[in-house]
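The opening residue of the sequence shown carries number 16 in our numbering; numbering runs sequentially from there.
Since the structure comes first, as structure tokens, the remarks are kept for the end.
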Amino acid sequence: MAIFSAHLHCHSYYSLLDGLLSPADLVAHAKSAGMSAVALTDNGVMHGAIAFYMAAKAAGLTPIIGCELAFTDRIDQKVRARDRLIVLAMSNRGYQQLVQLVSAANIEGFYYTPRIDWGLLEQFNEDLIVITHGYQGPVANCIKQHQDAAAHALATRLKALMGDRLYLGIQRLGESQEESIIQETAELGKTLSIPLVVTNDVYYEKPSDARLRTIVNCIQQGKTLESNTRLSLRSEAHDFKSPDAMDHLFSDYPEALAETGAIASRIHISMETEQVLLPVFECPNGLSKEDYLAQLVWAGIQKKYKTVTQEIQDRVAHELQVIQRMGFSFYFLIIYDFLNYCYAQFIPVGPGRGSAAGSIVAYALDITQVDPLPYNLLFERFLNPDRISMPDIDLDFCIKRRHEVVDYLVKRYGEAHVAQIATFGTMAPRGVIRDVGRVLNIPLVDVDRLAKLIPSQPGHYVSIAEALEQVSDLRELCLEKPELANLLEQAKPLEGVPRHTSTHAAGVVISRDPLSETVPLMRNDDQVATQYPMGDLETIGLLKMDILGLRNLTVIQEAVDLIRAMGISVDMASVSLNDSDTYALLASGHTTGIFQLESQGMRQLIVDLAPSTFEDVVALLALYRPGPLGSGMVSDFISNKKGDTETTYSVPELAPILSDTYGMILYQEQVMQIASVIGGFTLSQADMLRRAMGKKKKSVMDDLKAQFMSGAEARGFDSDKAGAIFQLCYKFSEYGFNKSHSVAYALVSYQTAYLKTHYPVQYMIALLNSVQSDNDKTSLYVHEVRRLGIAIQLPNINTSHLGATQAPTTDSTIRFGLGGIRNVGEQAIESIIAERASGPYTTMRDFLMRVDLRHANKRVIESLIKSGCFSECNTREVLLHHYVTDLEWAQRQVKAQKNGQQTLFGWTDTQPDTAAVDTRVPALAPEQLLGFEKEMLGVYLSGHPLDSLAIQPDNQVQTVLKTTSGHASVQVVGVLTGCRLVQSKSGKKMGVGTLADQTHSVNVLVFEQDDAPAIFESFYDDAVVTISGIIRCKSDDERTLTARVITPMQSSESKRALHVDVNAVLYSQAMVDQVHSMIKMHPGDCRVFVHANDTVVLAGMHYGVSDSCMPVLQAILGRAAVWMTN
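This is how it looks when you write it as structure tokens:
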């Protein structure tokens, strides 16, 4: 029997970009090796501790929870720690001390890595074991430096602190000086009576995995294997060795081998995973939590219902009984409390999400705004008394004010009790291919080709192995290029491995005890966050909540505020759900900007279904998912709704359950109701059936089917019909959706539709303001504004605000906001708005003398001019010609004012405003002005390059987007944007871009063609073209246009072009700036093409030049680099 018992120094992949094993892998390897215990000691963190503990317990092993920590004399000194200690928790108290130690290392001691010092180790060492690192520990490092006295002193001090809980680690991994370190450590241990223990500093399973570890280290450091010779020469011995291998390796130190078992026998940690550690909530007037909750609920019921029927009383009493019996009264009170704060502060709160909308208690407390009774929503779908688990109430808030909710929780429960939650970015297939490709120094173009052949769709994960089976082009490429096949082999084992930490977008944890005593903490994104992810926090009973920011709530509130500012009273909570105009809007399919209903596929579904009731809207959200869409269920639903087919029920008892969905099983709640009505299940049992059907466990399903059939027989149902009903439930359980969630979100959908129907100007203003940084969405909504017959004006320096506003002169005009202008920050806008309170800006120089030029710099001013902000002061061409001179003049005046150098007339320089009197600057062409708008605003506002063209409906982008399957030949007119040239998988030139018209856009691919060699000549940004090609339908919302012919549509007078080849010269940034300046100084109608790195970029929409510009540029760049074409 082996002497070695347990690996005490092991790293998982939570030693980010260093370890390779998952916590479960670590346990599996220990189990397979016949060990009774194993330790997890990640570098400076405890991310995997809970998953490791649960896996070890399930495998019957003793989990040893620990951490490898950097050790230094004083953490208040910014010195990189060189020493390492392995710290293991012996008991629950030791685990608590370890958590505090690791938290302090991350929050107080972090400098390059989490660090501890003597002070922290003295403060937190109860029931902890310390093992000095066998090669990088304080003793080993002193020995390597031949500092024997220092090694003796350090060991003595550690022993004085730790007593018999100190061990000197030794390891044999093939490092330099290793044998002398072991020998001198052994002598020191004998002198000071400190036992030795062997470790192996495990990072991976087998020696051949060492290369993978080197690869992930290179990913972390941003290096290639070739350039990182130090890592490539590293030991391959950090594998998970068997007990026999460890015995053989340390046969000369049998006592050190035996100590592994002695240490394992000292470990007694027992985590409570069935507890609920809710924070303390003080009830008023000495009431118990149960009485206070009941008091609030019944008061809420009186407000919600004019008549409290027996059904309502029974439902409330049942829910309260279950909540109290399961011990969740505090949970509801905590949520009620901070939501009450939100309502008091007018922070918009969503109507609910998830299964919580099925609770009448939640409705009474205003946790949700959905009455569950009219929609047959079930409490047991939310909280099942037969399945003990924490309720999960996710909440949506105005995205702009979400931080106020978190701030209140911190204030209410204390900073030590509230934290954000860590999450992990993992290596996805495409990402890991790119990472490994960089490390292997494979050409980027090949790596990009390889990565793009991995299928990638939201919600549908395809692994590298699966992609190799599914994608023939991928297999062919690997056969063609063996180095790419090798890349995939190296990348496969790294799929799913954590790459970095981040902060969960919505998760917040609230604890009863200080969090630093309960879970390890870290500083992440400048916020204190738990090291454990959300699922592990729930495992140990902590309260986590999703405080989600929902943009649409902000939109609704802003629209309501604008409506009320007009003197109109509107209350969204009391809006009728039977408004015929709103349903007419929905049925028309004009649902751009409506929550959850604006995608191309959803709009088509809405038109087909023609919703006429709120239940239809609820159904829309449940139907528009891959399962129902792919099953044929949607067409059956629509056919039944329209009466084209007859809705039938196998037994009359199904009619009340399925009538709202025209005989179809659409919701999970319907499966539960059928199990209850037909099979005699309680609703709690029915929820268990629903879950079992979703997991498709045959043994469980067989038992439940027998119970269902028995119950149906007892209720007098025909066995054949009952069996068929059970199978129907089983079939549709795969597609069934949570109706509670659908109802809650359908309410938001309906409210946004209502606002768009009755208050379109105010709603569209709010909508535009919510997407200021998203050019695609802004463009989409600007078109919708125009379709609604609402005018939209360019931003104005004297009337625009940060966001879009209603123009003061008319009720049906929107003024674009200054915040939507590229390069213009909020500080500049605040300065502009504050100063104009003393009067409008009359000229450019007036503007420049009044605003804060520290924020309104040259770049900001150029952007403001190009966007059309100064239309009241002068034309854009004149302002652009003179603004640099005007800015320099203003800067001189400001400097002179500071020095007290004013003349009798105020300014030291009384030169007139040149821009105001200059009539020599030629006018810019309309397409150039539009180009400025697109460049600065991300959208054409004053017009569109296609406005002057008579485009047939069949040639519009929106028409070709209606292609529903396969492919079709089309001819489309639009403006090209986002054009770039890449290399195809065959090594030929390929173009990728977007073709857009006033309303829609489609992805475009252009391939090099022998019969059309000039196809790329018309492929550049802002080109107005007709594309003849093939439109392909990839998915419900994804279309791609492959171009065969691209025909430019510019007028004859705009075909002349000036070409600038920057490849022909060794250019500098100064030269680029000079060329840019010259182009702007010679305005005209010649387009400018810049040739660089096999890419041709049209600058003509933004820069038009005259013939006189060519000799000037030739003087700078050389004659060969500049030429003119007609």
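Beta carbons: idealized from backbone N, C-alpha and C, even for Gly.
Bear in mind that the values here come from a model prediction, so they are computed numbers and not experimental data.
Counting of Cβ neighbours within 10 angstroms places H418 among the exposed residues, the total staying below 16. Comparing alpha-carbon positions, the option among Q766, F125, Y750 and I448 lying closest to A588 turns out to be Q766.
Of the other Cβ atoms in all chains shown, 16 or more fall within 10 Å of the Cβ of L1073; this residue is therefore buried. Shown here, K1004 sits in a strand according to DSSP, grouped into three states. Counting C-beta pairs closer than 8 angstroms gives three or more between the segment 803-814 and the segment 868-887, which meets the contact rule. As DSSP reads the structure, C1048 sits in a beta bridge with R1054.
Its Cα nearest to that of P497, the residue D461 stands out among D461, A759, S478 and D528. Residue burial is scored here from C-beta neighbours: Q700 has at least 16 other C-beta atoms within 10 angstroms and is therefore classed as buried. Taken in chain order, the complete alpha helix (DSSP H) segments of 4 residues or longer contained in the segment 849-883 are 859-865 and 873-881. Rounded to the nearest whole angstrom, the CA to CA distance from M648 to E684 is 17 angstroms. As for any alpha helix (DSSP H) of minimum length 4 sitting wholly inside the segment 470-515, the runs are 479-485, 487-495 and 497-506, ordered along the chain.
Its Cα nearest to that of L530, the residue Q111 stands out among Q111, F1031 and D962. Counted as a single uninterrupted DSSP element, the stretch harbouring A85 is not any alpha helix (DSSP H) but the beta strand (DSSP E) occupying residues T77 to F86.
In the structure shown, the three-state DSSP call for C233 is helix.
DSSP assignment within the segment 806-846 yields the following whole beta strand (DSSP E) runs of 3 residues or more, N-terminal first: 806-808 and 828-830.
At the C-beta level, P406 and F394 stay beyond 8 angstroms of one another.
With a 10 Å radius around the Cβ and a threshold of 16 neighbouring Cβ atoms, D576 comes out exposed. Under DSSP, N1018 forms a beta bridge with T1009 and T1055.
With a 10 Å radius around the Cβ and a threshold of 16 neighbouring Cβ atoms, S344 comes out buried.
Bounds of the alpha helix (DSSP H) holding Y307 are K304 to K319.
Within the same chain, Cβ atoms closer than 7 angstroms to the Cβ of L272 are found at I18, F19, V213, M261, D262 and F265, the five residues on either side in sequence being excluded. I65 sits away from T545, with the two beta carbons spaced by 8 angstroms or more. Counting C-beta pairs with one atom in each stretch, the segment 116-127 and the segment 80-96 have three or more that are closer than 8 angstroms, which means they touch. Nearest to F1034 by C-alpha distance, out of T676, T1055 and M1005, is M1005. One thing to note: R865 has its Cβ no nearer than 8 angstroms to the Cβ of E841. K238 sits in coil when the DSSP states are folded into three classes, being neither helix nor strand. Per DSSP, the continuous alpha helix (DSSP H) segment holding Y428 begins and ends at R417 to Y428. With respect to V1127, H1097 sits close: the two C-beta atoms are nearer than 8 angstroms.
Sequence-distant partners of V421 (beyond 5 residues in either direction) whose C-beta falls short of 7 angstroms from its own C-beta, in its chain, are V523 and I562. Going by DSSP, A602 is part of the alpha helix (DSSP H) stretching over S595 to S603. Judged by beta-carbon spacing, I122 lies beyond the 8 angstroms limit of I158, meaning their Cβ atoms are not closer than that value. As the crow flies, the alpha-carbon of Q384 is around 15 angstroms from that of F361.
The beta carbon of P941 sits closer than 8 angstroms to those of G958, all from its chain and outside the five residues before and after it, given in chain order. With contacts defined by Cβ atoms closer than 8 angstroms, L203 and L143 do not form a contacting pair. Comparing alpha-carbon positions, the option among R538, I382, T858 and G369 lying closest to L348 turns out to be I382. Taking a 10 Å sphere around the C-beta of T87, we find 16 or more other C-beta atoms and assign the residue as buried.
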